[in-house]
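In our numbering, the protein residues as written are 85 to 189.
Positions of the beta carbon are idealized from the N, C-alpha and C atoms, including for glycine.
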Amino acid sequence: MKLPRVLEREPLVDAVFEVRLNGASSSLADILPGALFTGMSRKPAISRLPPAEIPYPLRASDPALQFAPVSRLDLGQFLISVGDRNFVISCKLPYPKWPSGCNSG
Numbered sequence: 085m086k087l088p089r090v091l092e093r094e095p096l097v098d099a100v101f102e103v104r105l106n107g108a109s110s111s112l113a114d115i116l117p118g119a120l121f122t123g124m125s126r127k128p129a130i131s132r133l134p135p136a137e138i139p140y141p142l143r144a145s146d147p148a149l150q151f152a153p154v155s156r157l158d159l160g161q162f163l164i165s166v167g168d169r170n171f172v173i174s175c176k177l178p179y180p181k182w183p184s185g186c187n188s189g
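Pasting the structure below:
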């Protein structure tokens, strides 16, 4: 039996990759978007997310907000969300299939 290259019904709801940092002394959200933006030839759209309106000391002291994304870079097919102690790379629907997804990097 030959395996299909593309499924008729996509089983994935969302695909994300998250990195969390413990004990960060400064806000990753203040540093990473600028570093990523300057290193890219095609400039992404950067948006500020609602948790960014909450003062940093409150976000840092509340466990529910410590990893909340405060800014987002839109790279077309992919999104990079950045929080004070984490960053998340996610893929928009429809997901790239293996042959195209592996060659896009």
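Item	Value
As assigned by DSSP and simplified to three states, the class of Ala202	In the structure as shown, the chain begins at 85 and stops at 189. Residue 202 is therefore absent and cannot be evaluated.
Among Asn170, Cys175, Tyr179, the one whose alpha carbon lies nearest that of Glu102	Asn170
Coil, strand or helix - Gly189 by DSSP	Annotation note: pLDDT 46 at Gly189 (below 50); position unreliable, no value reported.
Closest by C-alpha distance to Arg126, when choosing among Leu159, Pro134, Glu92	Leu159
N- and C-terminal bounds of the alpha helix (DSSP H) containing Asp114	112-122
Residues near Ala113 in its chain [Cβ-Cβ closer than 7 Å; skip 5 each side]	Val154, Ser155, Val166, Gly167, Asp168
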